[in-house]
Amino acid sequence: MNLGLAALAQKRPEEALACQRRALRLDPKSADAQNNLGMAHYAQGHVAEAENSFREALRLAPAHANAMLNLGSTRQIANDVEEAEALFRRALALGVDAARGNSNLSLALMEQGQAEQAERVLRQALADRPDYPEARANLALALLTLGKLEEGWAAYESRWAVEAMGAPAPVLPQPRWTGQKLNGETVLLYAEQGFGDTLQFCRYAPMVAAAGGRVVLVVPKALLRVMATLEGVDTLLTEEDDCLPAFDYHCPLLSLPFAFDTRMDSIPGPPAYLAGDPAPWADVLAGMPGLKVGLVWAGKSRTDQPHAVAIDQRRSMRLADMAPLLDVPGCSFVSLQLGPPARQIADSGLRDVAERLADWTDTAGLIAGLDLVIAVDTAVAHLACALGKPVWMLNRFDSCWRWFQQREDTPWYPSMRLFRQARRGDWAEVIHRAAGALAGQPAQ
373 MNLGLAALAQ KRPEEALACQ RRALRLDPKS ADAQNNLGMA HYAQGHVAEA
423 ENSFREALRL APAHANAMLN LGSTRQIAND VEEAEALFRR ALALGVDAAR
473 GNSNLSLALM EQGQAEQAER VLRQALADRP DYPEARANLA LALLTLGKLE
523 EGWAAYESRW AVEAMGAPAP VLPQPRWTGQ KLNGETVLLY AEQGFGDTLQ
573 FCRYAPMVAA AGGRVVLVVP KALLRVMATL EGVDTLLTEE DDCLPAFDYH
623 CPLLSLPFAF DTRMDSIPGP PAYLAGDPAP WADVLAGMPG LKVGLVWAGK
673 SRTDQPHAVA IDQRRSMRLA DMAPLLDVPG CSFVSLQLGP PARQIADSGL
723 RDVAERLADW TDTAGLIAGL DLVIAVDTAV AHLACALGKP VWMLNRFDSC
773 WRWFQQREDT PWYPSMRLFR QARRGDWAEV IHRAAGALAG QPAQ
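As structure tokens, this is what we get:
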């Protein structure tokens, strides 16, 4: 059993699974082995199997606090957040590690739109264990959601110690740039999370240049061409390039708000900072009379991260859910959707140009010729706003921290309008409001 835990800690879940199964053959009534088996299943993304193991552990030992906490995590991923909250609270009452239990509880509270309560339980978690990185990183999300940016950015630096929040920080001999005065020094900036994060926070690169730095920017290959339109970048590289030029400082893109001490009243919200060329799309655009609208209805799951998959399920809808939009007269629609959800286009009558969207520059060119983009919370929404295009974002109930609370606008993007779910999972009401607003748009 302990050997299995060691294998799991070393990221060898298959070996951990085999070890726990051997332990259960030796002692079929071991609740600890069942709990550990569930953890191994969870590490492989097998959430249903993990839940079965945690429930079996609790059948064998109803007061098993860790199994109760772990079961809560599987129920949260299954989008039963109320049950997850109840299980987390029961685990705390049973004596589970208070910092870990409150950190998990905070995520369930955040999903229910209770950021203030999440902040309180996270501060309790940190009072119990000040060096617990998960609690500090989760506190960052609560603080940023609440608009408490000064403390939030500082706490968000804890993300590097939390595996679920992305890759570990690169080990570089040069110092981090945290806002030091620049006089021609070269600053290496690099993407660290998804396409949307890169598109949102690359806006800070021209600010580093304006502060006196020479900017080297490293981005995913698919973004290379569109990032070439960003001002202030001296050298642009992809993550696949082997050699870096000499540099004096480095900074990940999502640490730039911290370096610039970004507050609510100083969020840089330029009308546009990227560009697209609509000329290659003249044939498509010519066949779109009236208001030209691009649609995106689903995100892309990171299938190796169960929590990310659950978020994607909540932020995404079906194309069929958008039917009231497609019925609005005076509008022409084109799909900007890629990936498996694009298969829903068949028989919908929606214009499908997926085969021509080879990279983000192609998408930027098409968006540049549109009048409006209506999208769920995906990278396409970020791209369209970075191009200065009007964007209506259809936002899930448990909104991402960057959209704050109870707002229909955002200081990050002057051209964005937010249509938030009033109830968890209720896209029909959101689409009804968006369709009404679309019907009131002036004809082009």
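Here the sequence shown is numbered in our numbering, starting from 373 and rising by one per residue.
In this text, a Cβ means the ideal position worked out from N, Cα and C, and glycines have one as well.
Keep in mind that this is a model prediction, so the values were computed, not measured.
Item, Value
"Whole-angstrom distance between proline 678 and aspartate 684, CA atom to CA atom", "10 Å"
"According to DSSP, residues forming a beta bridge with glycine 666", "Val706 and Val745"
"Range of the contiguous alpha helix (DSSP H) that encloses asparagine 438", "437-449"
"Coil, strand or helix - threonine 550 by DSSP", "coil"
"Through-space distance from methionine 636 to tryptophan 784, alpha-carbon basis", "10 Å"
"Distance between glutamate 483 and leucine 516 (C-alpha atoms, nearest Å)", "15 Å"
"Endpoints, the alpha helix (DSSP H) within which threonine 733 is located", "732-740"
"Close-in-space but distant-in-sequence residues of the same chain around arginine 723 (CB under 6 Å, 5 per side omitted)", "Val706"
"Distance between asparagine 767 and valine 802 (C-alpha atoms, nearest Å)", "8 Å"
"Cβ pair aspartate 527, leucine 511 closer than 8 Å", "First, the amino acid is wrong: residue 527 is alanine here, not aspartate. Yes. Within cutoff."
"DSSP-derived helix/strand/coil call for leucine 544", "coil"
"Coil, strand or helix - arginine 466 by DSSP", "Checking the displayed sequence, the identity of residue 466 turns out to be leucine instead of arginine. Correct three-state label for leucine 466: coil."
"Nearest to alanine 736 (by Cα), restricted to the options Asp719, Thr607, Gly648 and Phe619", "Gly648"
"Three-way DSSP call (helix, strand, coil) for proline 661 in this model", "coil"
"contact_flag[the region 554-561, the region 683-702] where n(CB pairs < 8 Å) is 3 or more", "no"
"Within 8 Å, strictly: CB atoms of proline 762 and serine 787", "yes"
"Start and end residues, alpha helix (DSSP H) containing cysteine 358", "Residue coverage of the chain in this structure runs from 373 to 816, which leaves residue 358 outside it and unanswerable."
"Per-residue burial, leucine 628 [other beta carbons within 10 Å of its own, 16 or more giving buried]", "buried"
"CA nearest to the CA of glutamine 777, picked from Gly721, Leu626, Ala514 and Asp749", "Ala514"
"Contact test: alanine 695 Cβ vs the ligand GTP heavy atom, cutoff 7 Å", "The ligand GTP is not among the ligands present in this structure, which contains no ligands whatsoever."
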